[in-house]
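Engineer: The opening position of the sequence shown corresponds to residue 1 in the working numbering, with each subsequent residue numbered one higher.
Ideal placement from N, C-alpha and C gives every residue a C-beta, glycine not left out.
Keep in mind that this is a model prediction, so the values were computed, not measured.
Pasting in a structure now, in structure tokens, and then I'll have a few things to ask.
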Amino acid sequence: ARCYSHGSQESDEEFDARWVTYFNKPDIDAWELRKGINTLVGYDLVPEPKIIDAALRACRRLNDFATAVRILEVVKDKAGPHKEIYPYVIQELRPTLSELGISTPEELGLDKA
């Protein structure tokens, strides 16, 4: 069996910075955006609002409204039974959502489907 724990452990701050940098790439394309989101969703965590902010801004640069809304749906799903997490994230992202003209799934009525 191989042991992969030889490398240094990434801190929460380094993890957040890595993903913010990834989504802030000015030349990110739609495939890279989706790949990053899919990878991020695979982790056992709810991304920090600053990571989601960077991902939403990447969506806006690509004019990909559907992916922006899907990101918010995924955040709600990842929060699971912890009902206080999603409202907190939306509260933190409200200025960005307003600036970018992105509606939440609830504002679009998608939570009732």
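#1: Buried or exposed: which applies to LEU45, given that a residue is buried once 16 or more other Cβ atoms fall within 10 Å of its Cβ?
#2: Is it right to say PRO47 is buried, meaning 16 or more other beta carbons lie within 10 angstroms of its own, or is it exposed?
#3: I'd like the list of long-range same chain contacts for THR67, defined as Cβ closer than 6 Å, with 5 residues on each side in sequence excluded.
#4: Residues in the same chain with beta-carbon distance under 8 Å from ILE51, minus the five sequence neighbours each way, listed in chain order, please.
#5: Quick one: residues in its chain with C-beta nearer than 7 Å to the C-beta of GLU14, no 5 flanking neighbours on either side, listed in chain order?
#6: Just confirm the distance between the C-beta atoms of LEU108 and LEU56, as a whole number of angstroms; I'd bet it's less than 8 Å.
Structural biologist: With the structure as the only source:
#1: Taking all protein chains in view, the Cβ of LEU45 is surrounded by fewer than 16 other Cβ atoms within 10 Å, so the residue is classified as exposed.
#2: Buried.
#3: CYS59
#4: Excluding residues within five positions, the ones whose Cβ falls inside 8 Å are ASP16, TRP19, VAL20, PHE23, LEU40.
#5: none
#6: Going by Cβ atoms, the distance from LEU108 to LEU56 rounds to 15 Å, so no, they are not a contact pair.
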